[in-house]
Every structure is written in C-alpha cells, then in structure tokens.
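Residue numbering for the sequence shown follows this note's numbering, starting at 695 and increasing by one per position.
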Amino acid sequence: MSIADSLSISVFGLGTVFVVLIALSCLVMAQSAIFRNISGAKETKAAPGRQEPEKPVNTVCQDMGPSSGELKLFGVDEKTAAMIMAIVSDQSEIPLSELQFKTISALD
C-alpha cells in the first residue's frame, strides 16, 4: 500500500466520522425543538387563563428590634450557644428572628 492510498483511506475515514457527528448533532437539535414545542403546547392547553402564582421573594426584615424573652445558659458559653442557635435555624429553615430559645444546657 502506497502513501497516497493510506492518505486517501485516512481522509475518507475522518470524513465519515465527521459526517456522522454532524448528523447526530442535527438529530439532537431537531429532537429538542420537537420536545420544546410539544411541552409548550401542553402548558398552554393545560391552563389557558390561569397563571401560576409567583413564589415570594425572600426579603430581609430591616427592623429586627430587640430579642424577645430571656435565654438561660447552663454549662455553655455564649459563643457555643450562638452556634447552636444558628445550626437549629439553618437545619429547620426557620429564620433566627422567628425562633425563641428558652434554655440551652450542656449534656454531660
């Protein structure tokens, strides 16, 4: 096999690969356009005059005011108590301003 034959086979092979890749790309784009149109048609048919209510935007309360109540600490320093309150607020997804802690005590 000569160099010219080898080069022509290589070019033909690479050309075939690129043609198949382009065809697959066009197929994926066509499918996404079809599915986008189908899902858009379903949404408009499902509720023509009804719109979904917008989710409320999380706003930060500007006037926090003083804290309510008193917190009693038993065997816990203030820094640790603050960390516990922050963790409880984060895990329960309730703002710290809406939580009311009465006591925090260390378990021995």
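From the three backbone atoms N, C-alpha and C, an ideal C-beta is built for every residue, glycine too. Note that the structure is a prediction, hence the values are computed from the model and not measured.
DSSP three-state label for residue i, please.
i    : result
F795 : coil
P750 : Confidence at P750 is low in this model, with a pLDDT of 49, below 50, so its placement is unreliable and the value that follows should be read with caution. Reduced to three states, the DSSP call for P750 is coil.
S696 : coil
L721 : helix
A735 : helix
L801 : coil
Name the two residues that bound the continuous beta strand (DSSP E) containing residue i.
i    : result
L767 : K766 to F768
Since residue i is in the alpha helix (DSSP H), which residue starts that stretch and which ends it?
i    : result
A775 : E772 to S786
Relative to the alpha-carbon of residue i, which residue among the options has its alpha-carbon at the smallest distance?
i    : options             : result
E772 : E792, S799 and S786 : S799
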